[in-house]
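Enquirer:
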Amino acid sequence: MRNPMIICDFDGTITESDNIIAIMNKFAPAGWKAIKDQIFLKEVSIQDGVGKMFSLLSSDLKENIIDYLNQNSRFREGFTEFLTFVKKNQIPFYVVSGGIDFFVYKLLEDHLDPSEIYCNQAEFSGGNIQIQWPYSCDQQCSNQGCGCCKPSVIRRMNTEDYEVIVIGDSITDLEAAKCADYIFARDFLAEQCDKLALPYSRFETFFDCKSELEKSLGVKK
Ligand SMILES: [Mg+2]
Ligand SMILES: [Zn+2]
C-alpha cells in the first residue's frame, strides 16, 4: 500500500464520550436539550444547533469548563500508545473534530501540535460563548451546515500520495469515511460501513487499530 495518513475524530473516538454533551449537561440551562433534539431530527444544522447551544453559556465559564473536562473526560484505551506508534512510523495523523478549540487543544496539548488539529473555534469576548467555523462546508458538500465539515477538510488536504484512513464513530464521520481508502469504525459508523459495504475494521480500543494497521495493512513495527 501507499503510505497511510490518518484522519481521526475526537469526541466518542479519542475520548470515550461526547464532550459537547458533557459540557451542556453540566453547565447549560435545560433548554439545550430541545436544541440537541432538533439537531438529531435534522430540523437545524449541526452548525446552527451547536452555535445556539454554546450561546446559552456565559463566556466566564471558560476555565470552569476546561477544568471540568480535564477531570472528567477520558481517552479511549490505547490512544497514547497508538500515537507513539504512528509517530514512530512517520504516519501523518490529524484530528478533524466537530469539537471546539478551547477544549480540544487543551485535552490534546501533551500529545499533538495545534497544526495537527482541525476543529471549530470559540470566541469569549462577548457575554456569551460564540462559535466560529473556520472549516465550514465547501461547495461539494451535499449536507451543508456541518460546522467542521470533515469531507471538505479532507479535500483541502494533500492526500494524493497517501492511503487515507478515517477513524470515527458517528454520523459526522460518515461522509469523511466515504472519502477514505480504509476506515476504523465503531458504533453508528460501523453499522453504516456494513450497510454501505465500505472497507473497514471495527475497533473498540486503539490497540485494535494498532494491530490492524500492523497486520492487515502491512505497516512495519
Ligand atoms: Mg465522534
Ligand atoms: Zn459539510
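Quick note: the sequence shown uses full-length UniProt numbering, first residue 1, plus one each step.
All C-beta atoms, glycine included, are put in the ideal place defined by N, C-alpha and C.
Bear in mind that the values here come from a model prediction, so they are computed numbers and not experimental data.
(1) Using CA atoms only, rank isn't needed, just tell me which of PHE27, ILE171 and SER55 is closest to LEU41.
(2) Identify, in the order they occur along the chain, each residue of the same chain with its Cβ nearer than 8 Å to the Cβ of THR159, setting aside the five sequence neighbours on each side.
(3) Can you tell me whether LYS221 is buried or exposed? The criterion is at least 16 other CB atoms within 10 Å of its CB, across all chains shown.
(4) Given ALA22, which residues of its chain have a CB within under 8 Å of its CB, disregarding the five upstream and five downstream residues?
(5) If you drop the 5 nearest sequence neighbours on each side, which residues of the same chain put their C-beta closer than 7 Å to that of GLN32?
(6) Return yes when the Cβ of TYR94 is within less than 9 Å of the Cβ of MET157, no when it is not.
(7) Just to confirm, are ILE167 and ILE46 a CB contact at a threshold of 9 Å?
(8) Starting from ASN120, follow the beta strand (DSSP E) in both directions and report where the run begins and ends.
(9) For LEU61 and ASN3, what's the separation of their Cα atoms in angstroms?
(10) Rounded C-beta distance between ALA122 and ILE100? I'm assuming under 8 Å.
Expert: Short version:
(1) Looking from the CA of LEU41, the closest CA among PHE27, ILE171 and SER55 belongs to ILE171.
(2) So the list reads MET5, once near-sequence residues are dropped.
(3) Note that LYS221 scores a pLDDT of 49, beneath 50, so its modelled location is shaky; the value from the coordinates is reported in the next line. Exposed: under 16 other Cβ atoms inside 10 Å.
(4) The answer, listed in chain order, is TYR68, LEU69, ASN72 and SER73.
(5) Going by the sequence as given, residue 32 is Trp instead of Gln. Cβ neighbours of TRP32 within its own chain (closer than 7 Å, five residues either side excluded): MET24, MET53 and LEU56.
(6) Cβ distance < 9 Å, so MET157 and TYR94 count as in contact.
(7) Taking 9 Å as the Cβ cut-off, ILE167 and ILE46 do not qualify as a contacting pair.
(8) Taken as a continuous stretch (DSSP letters only), the beta strand (DSSP E) holding ASN120 covers 117 to 123.
(9) Computed Cα separation, rounded: 43 Å.
(10) ILE100 and ALA122 do touch by the CB rule: their CB atoms are close to 5 Å apart, below 8 Å.
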